[in-house]
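> In the numbering used here, the protein residues as written are 1381 to 1669.
Where is the CB? At the ideal position from N, CA and C, for every residue including glycine.
(1) Between residue 1413 and residue 1419, is the Cβ-Cβ spacing less than 8 Å?
(2) By a C-beta neighbour count over all protein chains shown, 10 Å radius and 16 as the cutoff for buried, is residue 1637 buried or exposed?
(3) At which residues does the alpha helix (DSSP H) containing residue 1492 begin and terminate?
(4) Quick one: Cα of residue 1553 to Cα of residue 1581, how far?
(5) On the three-state DSSP scale, how would you describe residue 1448?
(6) Taking Cβ positions, are residue 1690 and residue 1392 nearer each other than 8 Å?
(7) Between the C-alpha atoms of residue 1385 and residue 1445, what's the straight-line distance to the nearest angstrom?
(8) Classify residue 1593 as buried or exposed, calling it buried when 16 or more other Cβ atoms lie within 10 Å of its own Cβ.
(9) What's the call for residue 1616, buried or exposed, on a 16-neighbour Cβ count within 10 Å?
(10) Hey, would you say residue 1474 sits closer than 8 Å to residue 1461, going by beta carbons?
(11) Do you know whose CA, among 1631, 1611, 1612, lies nearest residue 1596's CA?
(12) Assign residue 1614 to one of three DSSP states: helix, strand, or coil.
(13) Using C-beta distances below 6 Å, list every residue in its chain close to residue 1571, excluding the 5 sequence neighbours before and after it, in chain order.
(14) Using three-state DSSP, classify residue 1544 as helix, strand or coil.
(15) My parser needs the alpha helix (DSSP H) runs of 4 or more residues fully inside the stretch 1599-1646; what are they?
(16) In angstroms, rounded to a whole number, what distance separates the CA positions of residue 1493 and residue 1464?
(17) On the three-state DSSP scale, how would you describe residue 1327?
(18) Could you compute how far the alpha carbon of residue 1653 sits from the alpha carbon of residue 1647?
(19) Return the first residue and the last residue of the alpha helix (DSSP H) that residue 1559 is part of.
(20) Between which residues of its own chain and residue 1434 is the CB-CB distance below 8 Å, once the five residues before and five after are set aside?
(21) Please tell me whether residue 1437 and residue 1479 are closer than 8 Å, where the distance is taken between their beta carbons.
(22) In angstroms with no decimal places, state the Cα-to-Cα distance between residue 1627 and residue 1644.
(23) How should residue 1495 be labelled, buried or exposed, when 16 other C-beta atoms within 10 angstroms of its C-beta is the threshold for buried?
(24) Find the nearest neighbour of residue 1612 within the set 1508, 1404, 1566, judged by alpha-carbon distance.
(25) Does the Cβ-Cβ distance between residue 1440 and residue 1487 come in under 8 Å?
(26) Shortest alpha-carbon distance to residue 1545 belongs to which of 1599, 1619, 1586, 1587?
(27) Which of the three DSSP states, helix, strand or coil, is assigned to residue 1423?
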């Protein structure tokens, strides 16, 4: 019997694009395609590492809830781990092995958390896998790539859109920002403004400007702002409180010299959900987790 090669369906491709977008806290196929295109154009080895991470996720499709799969909710944690593996080890055997070992465990943990009724785990599976990987691999946690450039503030604000994917490439950040402005202009404008404010405050109080220049100050705020999205106007007090909680978490990690990854976003997300659960009219439909 001849083997039959089946190409990915349109819904599967849309799910992958949504998974890329879910790394930014939102289901937006256009944003996902823009981010993927930016990586392919400017950081192809990172793109290939992420492709391997996503490919290892797809065999679990039979265990996924179809609606959540199509929203990309099973793909963004493996994708982010692929970004982490590339940042930690570069493109090569070490990063591919790390992804091969970690992604099935990430998917298993996510499925177990869902089975236990906890769907607001956000990026915790990725974060835990990242810490464990580097501890076992080298005994020390890596810091994000830090660039030494003069274009602080403006460059750093744009790079914050790239650092969601652990990239310090200004071109990637600009492409993602443009895709966000075209597909979700209000939320993207808020995200840009909040990232700029946090970056300006970071430099103003005398903290290391190279951290800001690398885009490492505002990227969690970018994710959180895009996550809140259309509810920004209606939930502004909750948003501001949760955003500050994430910013303080980031400062704490900086103070103890520990890479926070997306944990400040997780803190903001949990605070926001807790605050909004006290208010009527919580969002309809399925939200990113």
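Judging by the given coordinates:
(1) No, the Cβ-Cβ distance between residue 1413 and residue 1419 is not below 8 Å.
(2) Per the 10 Å Cβ criterion, exposed.
(3) Unbroken alpha helix (DSSP H) run through residue 1492: 1473-1495.
(4) The straight-line gap from Cα to Cα measures roughly 20 Å.
(5) It is helical.
(6) One cannot answer for residue 1690 here, as it falls past the ends of the chain, which runs 1381 to 1669.
(7) Caution is warranted here: a pLDDT of 39 is assigned to residue 1385, below 50, making its placement in the model unreliable, and no coordinate value can be reported.
(8) Buried is the call here.
(9) The residue is exposed, with fewer than 16 neighbouring Cβ atoms inside 10 Å.
(10) No, the pair does not count as a contact, with Cβ atoms beyond the cut-off.
(11) It is 1631 whose Cα lies nearest to the Cα of residue 1596.
(12) Residue 1614 carries a coil assignment under DSSP once its states are collapsed to helix, strand and coil.
(13) The beta carbon of residue 1571 is closer than 6 Å to those of 1602, 1605, 1606 in its chain, skipping five residues each way along the sequence.
(14) Residue 1544: coil per DSSP, three-state reduction.
(15) Runs of the alpha helix (DSSP H) inside the stretch 1599-1646: 1599-1608, 1616-1635.
(16) So the alpha carbons of these two residues sit roughly 22 Å apart.
(17) Absent from the structure is residue 1327, since the part of the chain shown begins at 1381 and ends at 1669.
(18) Answer to the nearest angstrom: the Cα atoms are 10 Å apart.
(19) If you look at residue 1559, you'll find it in the alpha helix (DSSP H) that goes 1550-1563.
(20) Excluding its 5 nearest sequence neighbours in each direction, residue 1434 has C-beta neighbours in its own chain below 8 Å: 1396, 1399, 1455, 1458, 1459, 1462, listed in chain order.
(21) Their beta carbons are not under 8 Å apart, which means residue 1437 does not touch residue 1479 by this criterion.
(22) Going from the Cα of residue 1627 to the Cα of residue 1644 covers about 7 Å.
(23) By the neighbour-count rule (16 or more Cβ atoms within 10 Å), residue 1495 is not buried but exposed.
(24) Between residue 1612 and the set 1508, 1404, 1566, the nearest pair of CA atoms involves 1566.
(25) Yes. Within cutoff.
(26) Comparing C-alpha distances from residue 1545 to each of 1599, 1619, 1586, 1587 shows the shortest one belongs to 1599.
(27) It is coil, neither helix nor strand.
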